[in-house]
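Shown next, in the form of structure tokens:
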């Protein structure tokens, strides 16, 4: 992965929102007392889509997003001739541009980087490997990265649940940002990302606005602490267990079987497309293409 920052600072994104409001597909006729499970949302309201567009645009404006798409799918119940019937509300919308220079409209099928939506895909493959008996949730990090500090106490489950104790750096450490911007053509391996979590210099914390020790944030299995590097590490484990690049494993196990022909995990040396935009979490005066920084 190219300096993890590229996937983590995505501001062009596709938001997939699924809202499920109890609608079962059985053909059983319901009792009169169970005709309807009313939703607080009137899906037949002609102004609903207008309000959704306004909310979506406000979200984009608040976060400084230059282009995005959203899809909402919600099954719901309604009464028809005294019987409960099942319907589905579906709404797709896009706004903004895919490139601030070319000013091409951001469409619902525009390719974008999905950032941390990579995490549930990675987790799915991990559970497939567990089901296949190729590792367990209790498998230790030290089995794959023998020299990681306290790696013998960190399990696959800890990594999956963000309870590994590994400090997060990609979205939190100005020192790491500076390294990424100074080395724009450098691709960091998962092992190199892990090494950044215990190098002998403090984290220049964006959130706290000060230098903090680069040390475990809890104990393995302890408090929840969101950690990007933990999922980089899970990708590394998948590669070591399967003997294949993560991009290939995800394609074979997830994308191809589901017909996700436009979805891929960029591999080492892949072109920097699509472009992502960021203000580096407020460190820049305006949103800019991240290609300017690498």
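In the working numbering, the protein residues as written are -2 to 291. Even glycine gets a Cβ: it sits at the ideal position worked out from N, Cα and C. Just so you know, these numbers come straight off a predicted model, no measurement behind them.
query: Nonlocal neighbours in the same chain, by C-beta distance under 8 Å from residue 116, ignoring five residues either side; result: 228
query: Residue of 251, 188, 222 minimising C-alpha distance to residue 141; result: 188
query: Sufficient close CB pairs (3 or more, under 8 Å) joining the stretch 209 to 218 to the stretch 190 to 201; result: yes
query: Three or more C-beta pairs below 8 Å linking the stretch 169 to 178 and the stretch 257 to 271; result: no
query: Nonlocal neighbours in the same chain, by C-beta distance under 7 Å from residue 250, ignoring five residues either side; result: 122, 125
query: Residue 339 vs residue 226 beta-carbon contact at 8 Å; result: The requested residue 339 is not part of the displayed model; the chain covers only -2 to 291.
query: Contact set for residue 163: own chain, Cβ-Cβ below 6 Å, skip 5 residues either direction; result: 194, 224, 226, 227
query: Three CB pairs or more closer than 8 Å across the stretch 127 to 134 and the stretch 149 to 156; result: yes
query: Distance cut-off 7 Å: residue 122 Cβ against heavy atoms of the ligand FMN; result: The ligand content of the structure shown is nil, which means the ligand FMN is not present either.
query: Where residue 66 falls, given that 16 or more other Cβ within 10 Å makes a residue buried; result: buried
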